[in-house]
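Sequence order for the protein chains is A and B. Number 541 marks the last residue of the first sequence (the working numbering); no jumps. Number 1144 marks the last residue of the second sequence (the working numbering); no jumps. We put the beta carbon where it would ideally sit given N, CA and C, even for glycine. Keep in mind that this is a model prediction, so the values were computed, not measured. These notes concern the structure reproduced below.
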Amino acid sequence: MTRWHVPVLALLLMLVGGGIAAYKWLALGYPLQASATVDTWMVEARLSFDPTGSAAKATLLLPKQPPGYTVLDENFISRGYGLATEDLSAHRQAVWTTRRPSGPQALYYRASVVRSTEPYPPEGVPALPTEAQYEEPHRSAVLAVLDEVRARSADILSFAVALVRELNQPQPSNNVNLLLPREASAEDRARLAVSMLAGARIPARLSWGIPLVDGARDLRPRVWLEVNNGERWIAIDPGTAATGYPTDVLVWWRGDTAPFDLTRGRNGNVQFSALKSVEQALQTAELRSGIEHSRLSSVSLLDLPIQTQNLYRILLLVPIGALLIVFLRNVIGVQTFGTFMPVLIALSFRETELISGIVLFSVIVVLGLLIRFYLERLKLLLVPRLAAVVITVILLMALVSIASHRMDLEVGLSVALFPMVILAMTIERMSIIWEELGAADAIKQGIGSLAVAAACYLLMFHPQMEHLVFVFPELLLIVLGINLLLGRYTGYRLTELMRFRDMTR
Amino acid sequence: MPTFASPRKLKALGVVGLNRRNGDYIAPCNPRHFYPRVDNKLITKQLAIEAGIAVPELFGVVETNHDARALAQLLSGHQDFVIKPAHGSGGEGIVVVDGRAGSLFRKTSGVLVGLDALEHHVSNILSGMYSLGGQPDHAMIEYRVRFDPLFGAITYQGVPDIRTVVYKGYPVMAMVRLPTRQSDGKANLHQGAVGAGIDIATGHTRNGVWHSRIVDAHPDTGAPIGGREIPQWGRLLHLAARCYELTGLGYLGVDVVLDAELGPLILELNARPGLGIQIANGVGLGRFLEAVDRDTRSGAPADARVAFSQQQFARHD
């Protein structure tokens, strides 16, 4: 056993515990605060059209792994329609079919999404695009612009960015003027960029995102240019040449198509709307890590049946109380009945709340002590005497409950769950100390135990502590590490500084 | 308003705290499986008798409640005796009877009790009321020490005893524990007894400590505590030092009583002796323990160890 064994082990435990907790917090989004909430967006697409024949078919593109977001939940509202969803490479689509539509039709797709830091899954290089055939003089203009841009770029991404910049010059060159009308929209620019990039053998495509605005009824999809750099698709804003999607944009579909397609329908229109809802961060994190198949979430306590969860909610707090006891006894030097009796008393306070718990505890212990002293005079043997104390304690508890019920005090009823064995043992210990060391010591230790129990209760059952330990049980490794370090603390206790104070005079 | 000593000053004095005693001395020096040798006073007594170390004579042992009924017979030959639990600690559960009045027994407090009270006490001992962890226990009935009149003026009832801390067989520090009215005749500092430091070299008492406060007179009698010479001091140290071989425990508290006729007798041993002895001596244990660690010649006989201690740990003030 070397000198460093314990500190190194403690440090290791703390690093592992802290590391797992930090990962869950930062990467998986488990909330540190008990009441933390996250913004969840409810996004809706409403497809309306007028049927023109008997059997109508409507296809709507749906988001698939939108970058920066995770789809938590989705549902379709379409009465009288058959529904099928198909998974395509860049998006998914819903296909609604019906036999006899009459009057204007409305189909809904609703998804709840939440921001995610999950990296966008890599995609290989798609089939190289076919070069667009330009007529002269456009062909020369395209080649000139591409040559100029190539000279200013280093790789695929910078090439594409430089091209978009070139197309967006406030004073466009003659070549660009030839290719783009004066009042070109972002969509026009993006389309042109895609076809010009094809000329440079760079795969590019359009993508369409919905800017999420809370409460907006008619959100217009915005267009982005996506360029494949051989590993993944990278978005470029066709208006500003900024790369990546803004955080408030949900990418819906990709390609040079409309988001919907109708067979035997006309006046088709799709409307997007968004609504922000605030959800408990914990539920969202759970839902999301389940969807994202995080390995850690598969060992979460949150998957257990509720009853078992509730047990662990309490059980996981015992180490916190135990650590406090270790600190109070070995560093401060507080004297208590037994080593972990105060933790048990603190657990029973959970049933009664603190103040009423202390009152009930004191009342029952005092009454029990009186009876215990009477039993002492009967000269009973130890074990029968303990049994007698237990019996009277239960009767006392029943009496307190009945009396408080009569007085319409709810608190007195919860005393029934007060662990009576703990009370009986406390009474027995206290009475022995009373006889052996005197009333002063017994009362001092009794008050000490009660104070420590109260401190344990306040620390253990603080909502924040309950939340942290239950959501991040790995924090107990840190508790274990601190405990190991305290186990090697050979310095003075605070009470010893008082005890030995005369020696330094 | 409580005042605190500075930890640095205490450290400079070599004061050992509970955590250090437990972690640095008791844990490495006292193998757990030797504890029964000190925790069970019957075993201690048997080992001591085998080793030829002086102890109070054992009159009898009560092991079952059935035996308790035969207590009268067991006590019949004795006017005075001590009843104690074999597993007791801190002087708890000890009843001292110093005489009889008809069918009644007189406790040292002067209170007369009947046989039934003693039987009940014995039955409490048997059921484990005074033992660590509450496991069933035995009651021992043994010779009542008639203490040396030396301490008469500085003792209230009870029997003063001399506690020596023995480290790796070297007696490092000693004090005499004087019962007071407050301690109810018990020689336990926690219960209010006075502890007076003893110079290891000469066996002379020094000032005392009462409730962690330094006192120079006994609180009940007012008699000065310091400057008294303990008779047969060398023999006492020798007895204490040999308890190391007896128990195999490296950190040991040895409690000795001075019988008026029989001289020093080993009363009991303690594997976790308290730290009040440092206040009684006005000095920390640390430097003595370290001196033993530095100079320990393994296998040195008790004589050599005592000589080393008397030479090294002499105090002149």
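Exercise. Determine the contact status of Val909 of chain B and Arg971 of chain B, defining contact as a CB-CB distance below 7 Å.
Key: As a first step, residue 909 of chain B must be located in the second sequence, where it is residue number 82. As a first step, residue 971 of chain B must be located in the second sequence, where it is residue number 144. It is a contact, given that the beta carbons lie within the stated cut-off.
Practice problem: Scan the segment 403-419 of chain A for residues whose Cβ lies nearer than 7 Å to a Cβ of chain B and list them as they occur along the chain. | Solution: Residues of the segment 403-419 of chain A with a C-beta atom less than 7 Å from some C-beta of chain B are Lys415, Leu417, Leu418 and Val419, listed in chain order.
Quiz prompt | Backbone secondary structure at Met828 of chain B - three-state DSSP | solution = To locate residue 828 of chain B, count along the second sequence from 1; it is residue 1. Reliability of the predicted coordinates at Met828 of chain B is poor, the pLDDT of 49 falling under 50, and the value obtained from them is presented with this limitation in mind. Three-state result, Met828 of chain B: coil.
Quiz prompt | Other residues of its chain near Leu203 of chain A: CB distance less than 7 Å, five sequence neighbours each side excluded | solution = Counting from one through the first sequence, the residue named residue 203 of chain A turns up at place 167. Within the same chain, Cβ atoms closer than 7 Å to the Cβ of Leu203 of chain A are found at Val212, Leu216, Arg225, Leu228 and Ala229, the five residues on either side in sequence being excluded.
Exercise. Would you kindly report the start and end of the unbroken beta strand (DSSP E) that includes Ser243 of chain A?
Key: Here the question's residue 243 of chain A lines up with position 207 in the first sequence. Its beta strand (DSSP E) spans residues Ala240 to Pro247.
Self-check item: CB of Leu108 of chain A within 7 Å of CB of Ser148 of chain A, strictly
Solution: Within the first sequence, the letter at position 72 stands for residue 108 of chain A. Within the first sequence, the letter at position 112 stands for residue 148 of chain A. The answer is yes: Cβ separation under 7 Å.
Exercise. Using a Cβ-Cβ cut-off of 7 Å, state whether Gln1137 of chain B counts as contacting chain A.
Key: Start at 1 with the first residue of the second sequence, and residue 1137 of chain B comes out as number 310. Not one chain A Cβ lies under 7 Å of Gln1137 of chain B.
Quiz item: Should Glu532 of chain A be flagged as near chain B, meaning a C-beta pair shorter than 7 Å?
Solution: Walking along the first sequence from the start, residue 532 of chain A turns up at place 496. So yes, Glu532 of chain A belongs to the interface.
Quiz item: For Pro1046 of chain B, which residues does DSSP report across the bridge?
Solution: Counting from 1 along the second sequence, the entry for residue 1046 of chain B is found at position 219. For Pro1046 of chain B, which the question treats as bridged, DSSP gives no partner whatsoever.
Quiz item: Looking only at C-alpha atoms, which of A:Ala278, A:Pro247 and A:Asp183 sits nearest to Asp284 of chain A?
Solution: Counting from one through the first sequence, the residue named residue 284 of chain A turns up at place 248. Taking only the C-alpha atoms, the option nearest Asp284 of chain A is A:Pro247.
Quiz prompt | Met1002 of chain B to Leu364 of chain A span [Cα, whole Å] | solution = If you number the second sequence from 1, residue 1002 of chain B lands on position 175. If you number the first sequence from 1, residue 364 of chain A lands on position 328. Those two C-alpha atoms are separated by around 30 Å.
Quiz item: Is the beta carbon of Leu353 of chain A sitting closer than 7 Å to the one on Met496 of chain A?
Solution: Translated into positions along the first sequence, residue 353 of chain A becomes position 317. Translated into positions along the first sequence, residue 496 of chain A becomes position 460. In this structure, Met496 of chain A lies closer than 7 Å to Leu353 of chain A by Cβ.
Quiz item: Which two residues bound the contiguous beta strand (DSSP E) that contains Ala252 of chain A?
Solution: For the purposes of this step, residue 252 of chain A is identified with residue 216 of the first sequence, where counting begins at 1. Here Ala252 of chain A belongs to no beta strand (DSSP E), and DSSP marks it neither H nor E.
Quiz item: Is Ile1106 of chain B closer than 7 Å to Ala1050 of chain B when the C-beta atoms are compared?
Solution: Counting from one through the second sequence, the residue named residue 1050 of chain B turns up at place 223. Counting from one through the second sequence, the residue named residue 1106 of chain B turns up at place 279. Their beta carbons are not under 7 Å apart, which means Ala1050 of chain B does not touch Ile1106 of chain B by this criterion.
Quiz item: If you pair each beta-carbon of the segment 939-958 of chain B with each one of the segment 990-1009 of chain B, do three or more pairs fall below 8 Å?
Solution: no
Exercise. Would you list the one or two residues that DSSP bridges to Val131 of chain A?
Key: The residue labelled residue 131 of chain A in the question sits at position 95 within the first sequence. Beta bridge pairing from DSSP links Val131 of chain A with A:Thr95 and A:Ala120.
Exercise. Check whether the Cβ of Met539 of chain A lies closer than 7 Å to any Cβ atom in chain B.
Key: As a working note, residue 539 of chain A is residue 503 in the first sequence. For Met539 of chain A, the answer is yes, since a Cβ of chain B falls inside 7 Å of its Cβ.
Quiz item: Quick one, are the C-beta atoms of Gly1090 of chain B and Gln1059 of chain B less than 7 Å apart?
Solution: Within the second sequence, the letter at position 263 stands for residue 1090 of chain B. Within the second sequence, the letter at position 232 stands for residue 1059 of chain B. Taking 7 Å as the Cβ cut-off, Gly1090 of chain B and Gln1059 of chain B qualify as a contacting pair.
Practice problem: Please confirm whether His1031 of chain B and Val1133 of chain B have their CB atoms less than 7 Å apart. | Solution: Along the second sequence, one-based indexing puts residue 1031 of chain B at 204. Along the second sequence, one-based indexing puts residue 1133 of chain B at 306. Against a cut-off of 7 Å, the Cβ pair of Val1133 of chain B and His1031 of chain B comes out as no contact.
Self-check item: contact_flag[the segment 120-136 of chain A, the segment 82-94 of chain A] where n(CB pairs < 8 Å) is 3 or more
Solution: Touching, yes.
Exercise. Could you please give the first and the last residue of the uninterrupted beta strand (DSSP E) stretch that includes Val107 of chain A?
Key: Taking the first sequence and counting its residues from 1, one reaches residue 107 of chain A at position 71. First-last of the beta strand (DSSP E) with Val107 of chain A: Tyr105 to Ile113.
Exercise. Return the residue from the list A:Leu504, A:Leu414, A:Leu422 and A:Ala439 that minimises the CA-CA distance to Arg465 of chain A.
Key: Along the first sequence, read from residue 1 onward, the residue named residue 465 of chain A stands at position 429. Among A:Leu504, A:Leu414, A:Leu422 and A:Ala439, the Cα nearest to that of Arg465 of chain A is on A:Leu422.
Exercise. Helix, strand or coil for Val288 of chain A, going by three-state DSSP, please let me know.
Key: On the first sequence, position 252 is the one that residue 288 of chain A refers to. The sequence given here has Trp at residue 288 of chain A, not Val. In the structure shown, Trp288 of chain A falls within a strand segment according to DSSP collapsed to helix, strand and coil.
Quiz item: DSSP beta-bridge partners for Glu1095 of chain B?
Solution: Against the second sequence, residue 1095 of chain B aligns to sequence position 268. As a beta-bridge residue in DSSP terms, Glu1095 of chain B pairs with B:Asp1082.
Quiz item: Going by the CB atoms, is the gap between Gly926 of chain B and Gln900 of chain B shorter than 7 Å?
Solution: On the second sequence, residue 900 of chain B is found 73 positions in, with the first residue counted as 1. On the second sequence, residue 926 of chain B is found 99 positions in, with the first residue counted as 1. In this structure, Gly926 of chain B does not lie closer than 7 Å to Gln900 of chain B by Cβ.
Quiz item: Going by beta carbon distance, what residues of the same chain come within less than 6 Å of Arg146 of chain A, once the five residues before and after it are set aside?
Solution: Counting from 1 along the first sequence, the entry for residue 146 of chain A is found at position 110. Correct list, in chain order: Glu80 and Asn111.
Practice problem: Going by DSSP, name the residue or residues bridged to Ala1168 of chain B. | Solution: A query on residue 1168 of chain B cannot be resolved here, the shown segment of chain B reaching from 828 to 1144 and no further.
Quiz item: Could you check where the alpha helix (DSSP H) with Ile514 of chain A kicks off and where it finishes?
Solution: As a working mapping, residue 514 of chain A is identified with position 478 in the first sequence. Bounds of the alpha helix (DSSP H) holding Ile514 of chain A are Leu511 to Gly523.
Quiz item: Looking at the C-beta of Met1002 of chain B, does it have a partner C-beta in chain A at a distance below 7 Å?
Solution: Counted from its first residue, the second sequence places residue 1002 of chain B at position 175. So no, Met1002 of chain B is outside the interface.
Quiz item: Would a check of beta-carbon distances place Ala1044 of chain B closer than 7 Å to chain A?
Solution: By 1-based counting over the second sequence, the position of residue 1044 of chain B is 217. False, the Cβ-Cβ gap to chain A never drops below 7 Å.
Exercise. Give the secondary structure of Tyr997 of chain B by DSSP, where H, G and I count as helix, E and B as strand, and everything else as coil.
Key: Your numbering for residue 997 of chain B matches position 170 in the second sequence. Here Tyr997 of chain B carries a strand assignment [DSSP, helix/strand/coil].
Quiz item: When the Cα atoms are used, what is the spatial distance from Leu513 of chain A to Val287 of chain A?
Solution: For the purposes of this step, residue 513 of chain A is identified with residue 477 of the first sequence, where counting begins at 1. For the purposes of this step, residue 287 of chain A is identified with residue 251 of the first sequence, where counting begins at 1. Rounded to whole angstroms, Leu513 of chain A to Val287 of chain A spans 41 Å at the Cα level.
Quiz item: Is there a Cβ from chain A that is less than 7 Å from the Cβ of Arg835 of chain B?
Solution: One-based indexing of the second sequence puts residue 835 of chain B at position 8. So no, Arg835 of chain B is outside the interface.
Quiz item: For Pro1051 of chain B, which three-state DSSP category applies?
Solution: Within the second sequence, the letter at position 224 stands for residue 1051 of chain B. Strand at Pro1051 of chain B.
Quiz item: Since Phe831 of chain B meets chain A, which of its residues come closer than 8 Å, beta carbon to beta carbon?
Solution: Residue mapping note: residue 831 of chain B aligns to position 4 of the second sequence, counting from 1. Residues of chain A passing the Cβ test: Leu530, Leu533, Met534 and Arg537.
Quiz item: CA-CA distance, Thr531 of chain A and Gly369 of chain A?
Solution: Locating residue 531 of chain A in the first sequence gives position 495, counting from the first residue. Locating residue 369 of chain A in the first sequence gives position 333, counting from the first residue. Spanning the two alpha carbons is a distance of roughly 5 Å.
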